[in-house]
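Participant:
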Amino acid sequence: MATVYLVDASPYIFRAFYSIPDTFSSPDGRPTNAVYGFTNFLIQLVKKASPTHLVVTFDGSLTTSFRNRLYPEYKAQRALPPADLEEQISICFDVTEAMGMLALIHDEYESDDLLATLTHRFVAEGADVVVVSSDKDLTQLVNARVGFWDFARDERVDTAGVKAKFGVGPHQMVDFLALTGDAVDNIPGVKGIGPKTAALLLAHFD
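The opening residue of the sequence shown carries number 1 in my numbering; numbering runs sequentially from there.
#1: Evaluate contact between the stretch 2 to 22 and the stretch 108 to 123, counting only Cβ atoms and requiring at least three cross-stretch pairs below 8 angstroms.
#2: Determine the direct distance from the alpha carbon of Phe14 to that of Thr39, and round the result to whole angstroms.
#3: Name the DSSP beta bridge partners of Glu155, please?
#4: Between Ser26 and chain D, is the shortest Cβ-Cβ distance under 9 angstroms, so that the two count as touching?
#5: In this structure, what does DSSP give as the bridge partners for Ala103?
#6: Quick one, which of Arg156, Lys163 and Asp22 has its alpha-carbon nearest Ala245's?
#7: Is it the case that the Cβ atoms of Val157 and Thr139 are separated by a distance below 9 angstroms?
#8: Keeping to the same chain, check which residues put their C-beta closer than 6 angstroms to that of Thr32; ignore five residues upstream and five downstream.
#9: Mind the definition here: the stretch 95 to 107 touches the stretch 124 to 140 only if three or more C-beta pairs lie below 8 angstroms; say whether that holds.
#10: Ile105 and Val35: beta carbons closer than 9 angstroms?
#11: For Ser65 versus Glu108, is the C-beta spacing smaller than 9 angstroms?
#12: State yes or no: is the C-beta of Leu202 within less than 9 angstroms of the C-beta of Asp175?
#13: Residue range of the beta strand (DSSP E) that Leu6 falls in?
#14: Contact defined as beta carbons within less than 8 angstroms: I believe Gly169 pairs with Pro195. What is the distance between those atoms, to the nearest angstrom?
#15: Check whether the Cβ atoms of Asp137 and Asp182 lie closer than 9 angstroms to each other.
#16: How would you write the range of the beta strand (DSSP E) that Val142 sits in, first residue to last?
#17: Hey, would you say Thr119 sits closer than 9 angstroms to Val146, going by beta carbons?
#18: With a threshold of 6 angstroms on Cβ separation, who are the neighbours of Asp150 within its own chain once the five nearest residues in sequence on each side are excluded?
#19: Please state the DSSP three-state secondary structure of Asp28.
#20: Run the proximity test for Val157: is its beta-carbon closer than 8 angstroms to any non-hydrogen atom belonging to the ligand ADP?
#21: Go ahead and label Thr63 buried or exposed: buried means 16 or more other beta carbons lie within 10 angstroms of its beta carbon, across all protein chains shown.
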């Protein structure tokens with residue numbers, strides 16, 4: 001079975017929005033910097049990888065995920081996307097479909113959740129998978145059948161790469177982040193345990 005590319009849209013939409021001037025706009029004056037940058041990213045991805053199977057997953061909302069119900073402080077420190085960006089996210093979804101790619105979104109599940117579910121299903125069906133994202137959380141999926149590609153940095157990471165970068169293997173990333181916490185998602189870790197100590201503990205008990 002062919003290799004399936006699973007693309008986490010959010011990092012590339014946000015990157016485009018904050019790195020490309022808002023002078024990019026439609027004829028009626030609406031900002032299009034995120035749409036322009038994200039569309040260009042998809043075009044470059046197709047040119048570089050020539051994928052035959054590709055799915056793009058999107059975040060439905062920053063406030064309606066099931067994690068928000070379980071832990072109300074989840075991502076609570078983040079400001080909601082500006083209106084100019086919010087509008088462009090939906091356009092990016094439409095552009096993805098217009099380019100003939102499968103685009104998926106769900107109000108209660110994040111892009112990561114959709115992507116991880118698809119990864120397990122495709123691997124179970126005999127496919128190899130390349131996860132295209134810059135989100136460290138997704139490195140837990142890496143194994144002999146699943147690669148990780150940070151497209152913006154053109155950095156491909158395998159099992160050894162995860163170990164070199166974080167000090168733990170992909171199968172330990174969940175425990176690693178539970179111990180260290182994740183400031184990006186406003187999740188506290190265990191007091192007094194940083195990345196080095198977490199890696200040492202997990203190596204000892206692996």
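Where a beta carbon is used, it is the ideal one built from N, C-alpha and C, also for glycine.
Facilitator: Reading it off the structure:
#1: yes
#2: 12 angstroms
#3: Asp150
#4: The structure shown contains no chain D; it is built from a single protein chain.
#5: Val56
#6: As shown, the chain starts at 1 and ends at 206. That puts residue 245 outside it, with no answer to give.
#7: yes
#8: Excluding sequence neighbours, Thr32 sits near Phe24, Ser25 and Ser26.
#9: Result no; under three Cβ-Cβ pairs closer than 8 angstroms.
#10: no
#11: Closer than 9 angstroms, so yes.
#12: yes
#13: Val4 to Asp8
#14: The pair is not a contact, with the Cβ atoms about 14 angstroms apart (cut-off 8 angstroms).
#15: yes
#16: Neither: Val142 is in no beta strand (DSSP E) and is coded neither H nor E.
#17: Closer than 9 angstroms, so yes.
#18: Ser134
#19: DSSP, reduced to helix, strand and coil, places Asp28 outside both helices and strands of the structure shown, so it counts as coil.
#20: Judged by which ligands are present, the structure shown has none, so any question about the ligand ADP falls away.
#21: exposed
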